[in-house]
Every structure is written in C-alpha cells, then in structure tokens.
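Written out below as structure tokens is the structure these notes cover.
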Ligand code: SF4
C-alpha cells in the first residue's frame, strides 16, 4: 500500500511540474523580449502541458530519485519504509515509465530499474509523532553536473558566496537547461552544505526565505544571475534563473562552506504523508 502511494507520488512528480514553477515560467515568457528566448520558453511550457495532459514525463531524463523523509518515531510504518521506497522505485521505472539511470560505477552496467548501491538516495530525519512525510525529488543529470562546492574562508563571507555562485552559473552557460532554480546551502560542512542546497529545492518558487536577511541575499543573487544574459536554454535572454533558495547551518570558525545545486526548469517534486492508520495524502 505504501509502495503504491510512493509510485503515485513519483508519477505525479515526473509528469506534472508544480503550479508555482509553471507560473514563474509564464511570467518569464511575459518579460522576455527576444524572439529566441520566447521560443524556448514556449517550448518548455508546451512540454509541461503535454506531460500533464498525457500523463507522460516532461523530460526524457527522469533523473535520480531522491527522497527526503521526515519519519515520525512512533509511526507503525517506519520499519518497512526503506523497502517500500526501493520497491516503488522499481515499479515506477516500469509503470510510469522512468528512464533507467542507475549505472554501476565500476562495470558501467545499468541496473535497469533505478536502484543500486546508494540509489535511490534517501535522506532521513527522525521527528516526533506518528506520521511520516516523504518528499520526492527526481534530479536531472545535466543540471546536477553543474552543481558545485566552494570551501570559502570566513573573510570571504557572503560576498564570496555571491561571487562563487554567479561565476559558476556563468561558466555553466546553457548546460543545465536554464532557466534554473539555484539551491544554495551555506554553513555546516562540505557534505551538509550540499544536502541543504538540494533540500532547498523543495521550497516553492517565488517564496523567499522566512528570514528577511536571507531572503534579501536570495534576491540579490537572483538579480546578479539574471543580469548574465544566458537566458532560456542558454540562447540569450533575461531569464537565466527563476529563483534562488538559500538554507543555512552554523559553521566551523575556520570554514565557510557553500554547496550549490543547480536545478533545471524541470523542477520536479511531490510529497506524501502516511498517517498511522495507513491513510496516505499525496500533493505537490
Ligand atoms: S537538465 Fe533537466 S531539462 Fe535538461 S535534460 Fe536533464 S532533466 Fe531534462
């Protein structure tokens, strides 16, 4: 039952781009003046519409399935959840279908079902209560190839974060299928900053961070990235990024880690909640 619900959440994530992302793309279309930028956005919006109406994936790369789990310590389903996620991944690969994207690092053999050593990727957080919330994030490989880490010095600080992100987005150009959404994790350690950056992508596009200062930094970086002129699919235009999402953690006094996860326009996500009586809600 839980595996079935997870399959449905995966199907929803890969076939239907969330409304907030669609709205941001439509607004970008309205802002763009160049013919090529409007043409590319129009095609992206068409692909999104076809995915929704025909219930097929919006992009051929259905990504690496990544799950963020908030597991209520008293949920009766805690012990079976990991197996259910793996089973759902296998089933979704066949039923949706998803492109098989799990390749053995030594032999190069594709497992054929999106499972293997370390995949699907599952991040666990133990919470109070008896409910489980699962976020599904299918992450495309092309944009993931543009993700990066910078271990800045504390003296470089937030100015260094802006410099690093803008220079990196500029160097990537059209490779990550812009317009992108940038997830930025600042603080913690090298690994935590990247995890925060990916988790930041679960937030709704167009909504700033609840902390005013962080929301201001998100806006500043968005403005700087959009002034690069890379534009939709890298062919020029005003919209290189739709949004910037920052998450933070305390840092070591000697470190200022910055994880940057680049997400393409196919910003896919879905959520499900498992109640203790087995009822399941799925949403985006
Ligand atoms: S980067 Fe995104 S839009 Fe481009 S091919 Fe990969 S999943 Fe599709």
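Residue numbers (this note's numbering): 571 to 854.
Backbone N, C-alpha and C fix where the C-beta goes; we use that ideal spot for every residue, glycine too.
Just so you know, these numbers come straight off a predicted model, no measurement behind them.
Just mark residue i as buried or exposed, buried being the case when its beta carbon has 16 or more other beta carbons within 10 Å.
| i | result |
| --- | --- |
| residue 623 | exposed |
| residue 717 | buried |
| residue 613 | exposed |
| residue 833 | buried |
| residue 783 | exposed |
| residue 835 | buried |
| residue 668 | buried |
| residue 673 | exposed |
| residue 870 | Lying before the first or after the last residue shown, residue 870 is absent from the chain, which here runs from 571 to 854. |
| residue 695 | exposed |
| residue 781 | exposed |
What would DSSP say about residue i, mapped onto helix, strand or coil?
| i | result |
| --- | --- |
| residue 768 | helix |
| residue 810 | coil |
| residue 851 | strand |
| residue 706 | strand |
| residue 592 | helix |
| residue 622 | helix |
| residue 752 | strand |
| residue 575 | helix |
| residue 697 | strand |
| residue 684 | coil |
| residue 580 | helix |
| residue 587 | coil |
| residue 606 | helix |
| residue 600 | helix |
| residue 672 | coil |
| residue 727 | helix |
| residue 758 | strand |
From the options, pick the residue whose C-alpha is nearest to that of residue i; which is it?
| i | options | result |
| --- | --- | --- |
| residue 824 | 654, 852 and 758 | 758 |
| residue 720 | 692, 708, 711 and 734 | 734 |
| residue 821 | 805, 760 and 815 | 760 |
| residue 828 | 742, 645, 713 and 753 | 753 |
| residue 643 | 854, 844, 853 and 852 | 844 |
| residue 641 | 688, 697 and 770 | 697 |
| residue 868 | 600, 615, 616 and 586 | As displayed, the chain neither begins before 571 nor continues past 854, which places residue 868 out of reach and without an answer. |
| residue 747 | 804, 780 and 709 | 804 |
| residue 665 | 736, 740, 601 and 580 | 580 |
| residue 767 | 809, 634 and 817 | 817 |
| residue 582 | 840, 846 and 848 | 840 |
| residue 808 | 577, 589, 599 and 593 | 599 |
Using only the alpha-carbon positions, how far apart do residue i and residue j sit?
| i | j | result |
| --- | --- | --- |
| residue 572 | residue 722 | 43 angstroms |
| residue 575 | residue 850 | 7 angstroms |
| residue 606 | residue 684 | 35 angstroms |
| residue 806 | residue 795 | 13 angstroms |
| residue 812 | residue 725 | 29 angstroms |
| residue 705 | residue 591 | 17 angstroms |
| residue 770 | residue 651 | 23 angstroms |
| residue 711 | residue 838 | 13 angstroms |
Kindly say whether residue i, judged by its beta-carbon, lies nearer than 8 angstroms to any beta-carbon of chain C.
| i | result |
| --- | --- |
| residue 759 | Within the model displayed, chain C is absent; a lone protein chain is all it includes. |
Quiz: which residues have CB nearer than 7 angstroms to the ligand SAH non-hydrogen atoms: In the structure shown, the ligand SAH is absent; the only ligands present are the ligand SF4.
Whole beta strand (DSSP E) elements within the region 615-666, 3-residue minimum: For the region 615-666, the continuous beta strand (DSSP E) assignments of 3+ residues that do not extend past its boundaries occur at 634-642, in sequence order.
3 or more residues per run - each beta strand (DSSP E) lying fully within the region 775-850: Correct list: 811-821, 826-833 and 840-844.
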